[in-house]
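These notes are about the structure you will find just below.
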Amino acid sequence: MQCMRLKRQIADLAVERIERLFELAEVAAKAGQERRSDRYTQLARAIGMRHRVRIPQRLKMQLCKRCHRLLIPGKTARVRLRGEYMTTTCLRCGVQMRRPYKTPRAPSSRRAGIGPQERTNNR
Numbered sequence: 017m018q019c020m021r022l023k024r025q026i027a028d029l030a031v032e033r034i035e036r037l038f039e040l041a042e043v044a045a046k047a048g049q050e051r052r053s054d055r056y057t058q059l060a061r062a063i064g065m066r067h068r069v070r071i072p073q074r075l076k077m078q079l080c081k082r083c084h085r086l087l088i089p090g091k092t093a094r095v096r097l098r099g100e101y102m103t104t105t106c107l108r109c110g111v112q113m114r115r116p117y118k119t120p121r122a123p124s125s126r127r128a129g130i131g132p133q134e135r136t137n138n139r
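Here my numbering is used: the first residue of the sequence shown is 17, the next is one more, and so on.
Here it is in structure tokens:
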């Protein structure tokens, strides 16, 4: 029991460190310190592998799949919206990553608060 709690604490600490390293990498990249930014992302990936912790999805989407550089739109990446996809191009290695996105829609009348019980009672 004690061992599981210790493992959970170590994993939580590893995730906190990964998030902090991504924050520092973003600040460094915006300041033009690309090598420092690359080092921070390298350390974050190493911590994740060492402690067998996944990098959170929102942070992983900011990394290039090939060269592992932090992708900042307009600085280290080019972002284009094409149809239903957002295409992100890494400006270092040129790899393109496509992610689907949805345009915001107005909520339908079905989801506007009429639950299944209210619908059956009205019949």
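Just so you know, even glycine gets a beta-carbon here, dropped at the ideal spot from N, CA and C. This one's a predicted model, so the numbers in the text were calculated from it and none came from an experiment.
task = Going by CA-CA distance only, name the one from 67, 120, 108, 37 that's closest to residue 91.
result = 108
Whether residue 81 touches residue 113 by CB criterion (8 angstroms) = yes
ask   = Nearest to residue 120 by CA position, among 30, 100, 67, 44, is which residue?
value = Residue 100 is the option with its Cα nearest to residue 120.
request  = Please classify residue 87: is it buried, with 16 or more other beta-carbons within 10 angstroms of its beta-carbon, or exposed?
outcome  = buried
Cutoff 6 angstroms; reference residue 53; Cβ partners in own chain excluding five residues on either side = 41, 44, 45, 86
task = Could you please give me the residues that DSSP links to residue 37 through a beta bridge?
result = Its beta-bridge partners do not exist; DSSP assigns none.
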